[in-house]
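Each residue of the sequence shown is one higher than the last, beginning at 94 in my numbering.
In what follows, a structure is listed as structure tokens, so that the remarks can point back to it.
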Amino acid sequence: METTIGIAIVGTGAIAKSHIIAYQTFSESCSIRALCDIYPEKAKALASEMGLEVDVYADYHEMLKRTDIQVVSICLPPSVHAEVSIASMDAKKHVLVEKPMAPSLAECDAMIEASQRNNVVFSPVAQNRFRTPMMRLKTMLDSKVAGNVLHATINSLWWRGQNYYDLWWRGTWEKECGGCTTSHAVHQLDLMQWMLGMPQEVTAVMANVGHDNSECEDLAIAIFSYPGMLAQMTASIVAHDEGQELVFQTEQARLSAPWNVAASKALENGFPEDDAETAARLDSVYGQLPSLEAERHVGQVKNFLAAIRGEEPLLIDGPQGRNTMELIMAVYKASVTKTTVRLPIGKDDPLYTREGLVSFMPHFHEKKRSVENFATSEITLGKDAVR
Ligand SMILES: NC(=O)c1ccc[n+]([C@@H]2O[C@H](COP(=O)([O-])OP(=O)(O)OC[C@H]3O[C@@H](n4cnc5c(N)ncnc54)[C@H](O)[C@@H]3O)[C@@H](O)[C@H]2O)c1
94 METTIGIAIV
104 GTGAIAKSHI
114 IAYQTFSESC
124 SIRALCDIYP
134 EKAKALASEM
144 GLEVDVYADY
154 HEMLKRTDIQ
164 VVSICLPPSV
174 HAEVSIASMD
184 AKKHVLVEKP
194 MAPSLAECDA
204 MIEASQRNNV
214 VFSPVAQNRF
224 RTPMMRLKTM
234 LDSKVAGNVL
244 HATINSLWWR
254 GQNYYDLWWR
264 GTWEKECGGC
274 TTSHAVHQLD
284 LMQWMLGMPQ
294 EVTAVMANVG
304 HDNSECEDLA
314 IAIFSYPGML
324 AQMTASIVAH
334 DEGQELVFQT
344 EQARLSAPWN
354 VAASKALENG
364 FPEDDAETAA
374 RLDSVYGQLP
384 SLEAERHVGQ
394 VKNFLAAIRG
404 EEPLLIDGPQ
414 GRNTMELIMA
424 VYKASVTKTT
434 VRLPIGKDDP
444 LYTREGLVSF
454 MPHFHEKKRS
464 VENFATSEIT
474 LGKDAVR
């Protein structure tokens, strides 16, 4: 019986290489058999660069007929994530889909339903969970080793030049389905809801302060209210140092990624003095937690393949990906209506569907410049928030 898992990758642009490298890391148990792109010459060039002997398709429907392919990795623009995921799952393929899971909650729900009716493994990409400092922080917060979280700061700080938005699908509500909140803060919001759960209410403001070829926001500031806790997020692509960080102020200490710990204790009059003993205790707990064998996309692919084989629970499933999209939609709704949005977002809400999103959101600018492809597919995946 064939035990090797056959892999197909749809979309051979910038992020596809991270998927290929991840599957190649596990070549004893899986084999990449097909690449697909509407520009097949891009797929052929990538196959050659990565040393792959694969079949190339321009139409994913043809590729889905293959019975020796069990997994489809979707590296496409957000606007087609749901369509291609659902078609793949209806062809009984397991699916790993890039972030953002889908542009609307209606599409997220349809993807989750497709995974259930076909009994396949479905995982939206959130590769930053698979980083040793994030896993360690999650363990420490879950165990309440430093007490409850009182205040979290989520700094999703990135930098992108004007021409970033010249790529045809970027900078539109219809195709990219959002600005820096959807495309960048999606990573940090996933980490936030994984570590803290979902908030009850969301307040937000957003703007486009520096990208004239995008309809969407390049800066958003939000506050998430939880019982006994507030979390604040800055989503930016105008931050030159890309100083991404997650900071948790707990009852006993400040814990953060990049890792840092500090603790205060009260003097007789309530003013602080350093609590070096608590900080040292927590530093030691952190240092003794296990390191991951595989990080980022390699880590997520390892978990995804193990889940397909029934050897591990899947860390990021459809409902987890949907939670992050619900936070993003709440940020958009709160920003536009200038009100506090209470979760969950119902099926009768305009922000439930893509059509609703597209008609509801303002155009900060009209997109005037468009290129089919950049000359290079080289990208960076963010500065290390996880040293
Ligand atoms: N996880 C991360 O850190 C990360 C980083 C970058 C991008 N992404 C995500 O990956 C996805 C792709 O981004 P990218 O930067 O690689 O984009 P890209 O434009 O470089 O690549 C997308 C590819 O899909 C192809 N394509 C478009 N529609 C198609 C269709 N219907 N059928 C077949 N091929 C089609 C395009 O020709 C292109 O080659 C996006 O959702 C993006 O948000 C994730």
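Here a beta-carbon is modelled for each residue, glycine too, at the ideal position from N, C-alpha and C.
All figures in this text were calculated on a predicted structure; none of them were measured in a lab.
>> Quick check on Phe364: buried or exposed, where buried means 16 or more other Cβ atoms within 10 Å of its Cβ?
In response: Residue environment analysis places Phe364 among the exposed positions, since fewer than 16 neighbouring C-beta atoms fall within 10 angstroms of its C-beta.
>> Quick check: the Cα distance between Met182 and Ser470, rounded to an integer number of angstroms?
In response: Here the C-alpha atom of Met182 lies approximately 28 Å from the C-alpha atom of Ser470.
> With DSSP run on the structure shown, which of helix, strand or coil describes Tyr257?
Replying inline: It is helical.
> What do you reckon, is the C-beta of Tyr445 under 8 Å from a heavy atom of ligand 1?
Replying inline: Every heavy atom of ligand 1 is 8 Å or more from the Cβ of Tyr445, so no.
>> Between the alpha carbons of Glu404 and Ser428, how many angstroms are there, rounded?
In response: Glu404 and Ser428 have their C-alpha atoms roughly 43 Å apart.
> In chain order, which continuous runs of the alpha helix (DSSP H) of length 4 or greater are located wholly inside the region 194 to 235?
Replying inline: Segments of the alpha helix (DSSP H) lying fully in the region 194 to 235: 198 to 211.
> Is any heavy atom in ligand 1 found nearer than 8 Å to the beta carbon of Asn212?
Replying inline: Incorrect: Asn212 has no Cβ contact closer than 8 Å to ligand 1.
> Going by beta carbon distance, what residues of the same chain come within less than 7 Å of Ser124, once the five residues before and after it are set aside?
Replying inline: Only Thr97, Gly99, Ile100 meet the Cβ criterion.
> Taking only runs of the alpha helix (DSSP H) that begin and end inside the region 237 to 318, which ones reach a length of at least 4 residues, in chain order?
Replying inline: Every alpha helix (DSSP H) of 4 residues or more that sits fully in the region 237 to 318 is shown, in chain order, as 273 to 276, 278 to 289.
> So is Met285 buried or exposed if we call it buried at 16+ other beta carbons inside 10 Å?
Replying inline: Around the beta carbon of Met285, 16 or more other beta carbons sit within 10 angstroms, so the residue counts as buried.
>> Under 8 Å, with one C-beta from each stretch per pair, do the region 355 to 373 and the region 439 to 459 reach the 3-pair mark?
In response: Proximity of the region 355 to 373 to the region 439 to 459 falls short of the contact definition, fewer than three beta-carbon pairs being nearer than 8 Å.
> Once you ignore the five residues that flank Ala127 on each side, which residues in its own chain have a CB closer than 7 Å to its CB?
Replying inline: For Ala127, where only same-chain residues beyond five positions count, the Cβ hits under 7 Å are Ala101, Val147, Asp148, Tyr150, Met156, Arg159, Ile162.
> With Arg389 and Arg224 assumed to form a contact (beta carbons below 8 Å), what rounded beta-carbon distance in angstroms separates them?
Replying inline: Sure, about 7 Å apart at Cβ, within 8 Å.
>> Can you find the residues in the same chain that come closer than 6 Å, C-beta to C-beta, to Met422, ignoring five residues on each side of it along the sequence?
In response: Same-chain partners within the cutoff: Ile438, Leu444.
> Short check: CB of Asn241 to CB of Gly321, under 9 Å?
Replying inline: The criterion of a C-beta distance shorter than 9 Å is satisfied by Asn241 and Gly321.
> Of all the options Asp235, Ser377, Tyr425, which has the alpha carbon lying nearest to the alpha carbon of Ala297?
Replying inline: Per the Cα distances, Tyr425.
> Candidates Glu448, Val378, Asp259: which alpha carbon is nearest Val354's?
Replying inline: Cα-wise, what sits closest to Val354 is Val378.
> Are the beta-carbon atoms belonging to Glu200 and Ala184 less than 9 Å from one another?
Replying inline: Against a cut-off of 9 Å, the Cβ pair of Ala184 and Glu200 comes out as no contact.
> Under 9 Å between the Cβ atoms of Met194 and Gly414?
Replying inline: Yes, these two residues count as a Cβ contact at 9 Å.
>> If distances are taken between C-alpha atoms only, which option among Ala356, Phe317, Ala300 comes closest to Cys309?
In response: Checking every option, the nearest Cα to that of Cys309 belongs to Ala300.
> Can you tell me whether Asp235 is buried or exposed, with buried defined as 16 or more other CB within 10 angstroms of its CB?
Replying inline: Burial call: exposed.
>> If contact is defined by three or more beta carbon pairs under 8 Å, each pair taking one atom from either stretch, is the region 243 to 257 in contact with the region 206 to 219?
In response: Touching, no.
> Using CA coordinates, which residue listed in Leu420, His333, Pro226 is at the minimum distance from Tyr319?
Replying inline: The candidate whose alpha carbon is nearest that of Tyr319 is Leu420.
> From which residue to which residue does the beta strand (DSSP E) around Asp368 run?
Replying inline: Counted as a single uninterrupted DSSP element, the stretch harbouring Asp368 is not any beta strand (DSSP E), since DSSP gives it neither H nor E.
> So is Glu134 in contact with chain C if we call contact Cβ pairs under 9 Å?
Replying inline: The structure shown contains no chain C, having only a single protein chain.
>> Alpha carbons only, please: which of Trp251, Ser111, Asn256, Gln342 is nearest the one belonging to Glu465?
In response: That would be Asn256, whose Cα lies nearest to the Cα of Glu465.
> CB Leu339 to CB Ala239, shorter than 9 Å?
Replying inline: Contact: no.
>> At a cut-off of 8 Å, would you count Gln413 as near ligand 1, judging by its Cβ distance to the nearest heavy atom?
In response: No, Cβ of Gln413 sits at least 8 Å from all heavy atoms of ligand 1.
>> Is it buried or exposed, Leu250, if we count other Cβ atoms within 10 angstroms and call 16 or more buried?
In response: So Leu250 counts as buried.
> What did DSSP end up calling Arg497 once you bin it into helix, strand or coil?
Replying inline: Outside the modelled stretch of the chain, which goes from 94 to 480, sits residue 497, for which no answer is possible.
> Which partner residues does Glu328 have in the DSSP bridge list?
Replying inline: Just to set this straight, residue 328 is Ala in the shown sequence, not Glu. Per DSSP, Ser249, Ala313.
>> Taking the beta carbon of Pro406 as the centre, do at least 16 other beta carbons fall within 10 Å, making it buried, or is it exposed?
In response: The residue in question, Pro406, is exposed, as its Cβ has fewer than 16 Cβ neighbours within 10 Å.
> CB-CB under 6 Å to Ile314, same chain, minus the five flanking residues each way: which ones, in chain order?
Replying inline: Same-chain partners within the cutoff: Val298, Thr327.
> In chain order, which alpha helix (DSSP H) runs of at least 4 residues are fully inside the region 164 to 190?
Replying inline: Segments of the alpha helix (DSSP H) lying fully in the region 164 to 190: 174 to 183.
> Looking only at C-alpha atoms, which of Ala180, Val434, Trp252 sits nearest to Thr473?
Replying inline: For Thr473, the nearest C-alpha among the options comes from Trp252.
>> Just to confirm the assignment, what range does the beta strand (DSSP E) spanning Ser122 have?
In response: Looking at the DSSP string, Ser122 is not in any beta strand (DSSP E), and its letter there is neither H nor E.
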